[in-house]
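**Q** Numbering (my numbering), first residue to last: 32 to 527.
Glycine is no exception: its CB is placed at the ideal position from the N, C-alpha and C atoms.
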RNA sequence: GCCCCCAUCGUCUAGGCCGGCCCAGGACACCGGUCUUUCAAGCCGGUAACGCGGGUUCGAAUCCCGCUGGGGGCACCA
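1) In whole angstroms, what separates the C-alpha of residue 464 from that of residue 392?
2) Sort 361, 506, 59 and 266 by Cα distance to residue 447 and report the nearest one.
3) Could you pull the start and end residues of the alpha helix (DSSP H) that residue 68 belongs to?
4) Is DSSP giving residue 137 helix, strand or coil here?
5) Only counting the same chain, and skipping five residues up and downstream in sequence, which positions put a Cβ closer than 7 Å to that of residue 404?
6) Within the chosen definition, does the stretch 254–271 reach the stretch 194–210 through at least 3 CB pairs nearer than 8 Å?
7) Kindly identify the DSSP beta-bridge partner or partners of residue 207.
8) Judging by CA-CA distance, which residue of 390, 127, 136 and 189 is the nearest neighbour of residue 232?
9) Looking at the structure shown, is residue 408 part of a helix, part of a strand, or coil, going by DSSP?
10) What residue does the alpha helix (DSSP H) around residue 84 start on, and which one ends it?
11) Rounded C-beta distance between residue 398 and residue 437? I'm assuming under 8 Å.
12) According to DSSP, is residue 439 part of a helix, a strand, or is it coil?
13) With a threshold of 8 Å on Cβ separation, who are the neighbours of residue 242 within its own chain once the five nearest residues in sequence on each side are excluded?
14) Three-state secondary structure (DSSP) at residue 527?
15) Using only the alpha-carbon positions, how far apart do residue 151 and residue 328 sit?
16) What whole-angstrom Cβ distance do residue 101 and residue 107 have, given they're in contact under 8 Å?
17) Would the beta-carbon of residue 39 fall within 8 Å of that of residue 73?
18) Go ahead and pull the three-state DSSP assignment for residue 301.
19) For a quick check, are the C-beta atoms of residue 275 and residue 48 less than 8 Å apart?
20) Start and end of the alpha helix (DSSP H) containing residue 119?
21) Does the distance from the C-beta atom of residue 134 to that of residue 195 stay below 8 Å?
22) Would you kindly check if the distance between the Cβ of residue 500 and the Cβ of residue 508 is under 8 Å?
23) Can you give me the C-alpha to C-alpha distance between residue 220 and residue 207, rounded to a whole angstrom?
24) For residue 371, count neighbouring Cβ atoms within 10 angstroms of its own Cβ and tell me buried if that reaches 16, exposed if not.
25) How far does the beta strand (DSSP E) with residue 217 in it extend, from its first residue to its last?
26) Quick one: what does DSSP say residue 275 is sitting in, helix, strand or coil?
27) May I have the straight-line CA-CA distance separating residue 51 from residue 290, to the nearest angstrom?
28) Can you give me the C-alpha to C-alpha distance between residue 89 and residue 360, rounded to a whole angstrom?
29) How would you call residue 527, buried or exposed, if buried means at least 16 neighbouring beta carbons within 10 angstroms?
30) Out of curiosity, what's the CA-to-CA distance linking residue 279 and residue 343?
31) Exposed or buried, residue 214, counting other C-beta atoms within 10 Å across all chains shown (16 or more means buried)?
32) Under 6 Å Cβ to Cβ from residue 423, same chain only, skipping five residues before and after it: list those, please.
33) Using a threshold of 8 Å, state whether the C-beta atoms of residue 321 and residue 311 are closer than that.
34) So, at 6 Å on beta carbons, what are the nonlocal neighbours of residue 453 in its own chain, with the 5 sequence-adjacent residues on each side left out?
35) What is the DSSP secondary structure of residue 187, reduced to helix, strand or coil?
36) Out of curiosity, what's the CA-to-CA distance linking residue 335 and residue 144?
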């Protein structure tokens, strides 16, 4: 049997970390068993669904490297892949259910049902549909029809008395007493299908064999199982995963951090790191190891080894992991690091639009100088903004501490003259200029390095001083040293 | 209210099916030290957990029961 999995996003927003995580395991399972991964768009909620969101979600998946074999854009043998385009099959399945007597028309209005529900709540009884429309006569139906009532369609669970067993691939056998289920609505009065119905019909039509989904669906599963049976279909294998929690142990929300995949992309996280991290939130392939390539994950994945508890999204660990990948890319494909830094540069106003080849080259050199300091793309701004600003912005504390005396001013001015006198600078040249000056003045390198660093970068922390001087070049370095000398001469107070 | 799921360091987890190798291992974070012009990275070291209560057993993180805590479901939402 060929494994076929799916992820079914609703295009009502950007791709959420939780959704991407769930999709990832479905994808991983399909790939590890040489099966197919299907993307199905659940857009029956027409008020909130848009094509823009659909496109954005697809783009985020593509960026992550989660590829689909069938979907709304590429089509496939079981299409179409948007629920709004599949209304005919829901209609057909509903008719089939009606014909078999496994479903019936319900003429109760929303208001009437609401009243029923409220009564149950007031009596502290669990609400179950009363079943008033379960066995209407033709006359009664006609009467309701004449009143102008438009019926919904309900699945008949009433006759089902056996225990419903869900064999969850990660949780094992879970039993449900059918007495707690009621005849639930599968088609609205306007003829559109509800989630539990469309989902079953589509999974069957698309020959889905395995579904990995959120635990919130575990309680829905028995309802779906009854429908599969009524239709004479075989349900897929299922595995339910607990949801990702935020640092506050509550459901991941904007309050505790970014929730959209796109936010992480913008901040300069790498898809490789994200995928590796995703895996670890529910599954450790081997003991004592946390770094895996996607290929290794695909080779090792076993659905049974998935964890049952709710993982907390640990941003610190993701950041560490991203740093590991950044350092690897620094060696063999530094362009990937540059790529990850671009959005942050744009957002910080340090880069306008798409970089020219020359700008890209320069950014590449900045990345090289910043080196392993860049754990996330945005670090290029926190550590290296001065490579892109003119004049440099002095951090007040740093200037007060290191650019505060006439002696410093003289020192910086002296270095400025030496820097201005050379045609070009490479790191060794920069080093000998600085160390040479220190020696002549009888100072330690340390004493001169700090003020110079602040003069050139505005900060007390950053990349190696000589590398940074070389990249800045004699002109810019000289200008900054002169400005800083002025600043120091005034005793560290800002220019008026 | 009813039903379902879950429970090892602050966090992610290994181990639990086949009880002794676990006075619980790794990683992130944190704290020291080292390297060093700063920061980061690296290296060395450290703090830190089996939710509670009963069983079963010579022996329980591991098996059983109860409790507590957390999460989810009970829609003409998905």
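**A** Checking against the coordinates, here is how it stands:
1) 27 Å
2) 506
3) Not the alpha helix (DSSP H): residue 68 falls in the beta strand (DSSP E), residues 67–70.
4) strand
5) 410, 414 and 494
6) yes
7) 195
8) 127
9) coil
10) 82–95
11) Contact flag wrong, Cβ pair sits at about 38 Å.
12) helix
13) 36, 37, 57, 234, 267, 268, 269 and 270
14) At residue 527, the pLDDT of 40 sits below 50, so the modelled position is not reliable; the number obtained from the coordinates is stated separately. Here residue 527 sits in coil by DSSP.
15) 49 Å
16) 3 Å
17) yes
18) coil
19) yes
20) 118–130
21) no
22) yes
23) 29 Å
24) buried
25) 216–218
26) coil
27) 10 Å
28) 25 Å
29) In this prediction, residue 527 scores a pLDDT of 40, lower than 50, which makes its location untrustworthy; the coordinate-derived value is nonetheless stated afterwards. Exposed.
30) 9 Å
31) buried
32) 417, 489 and 511
33) yes
34) 505
35) coil
36) 41 Å
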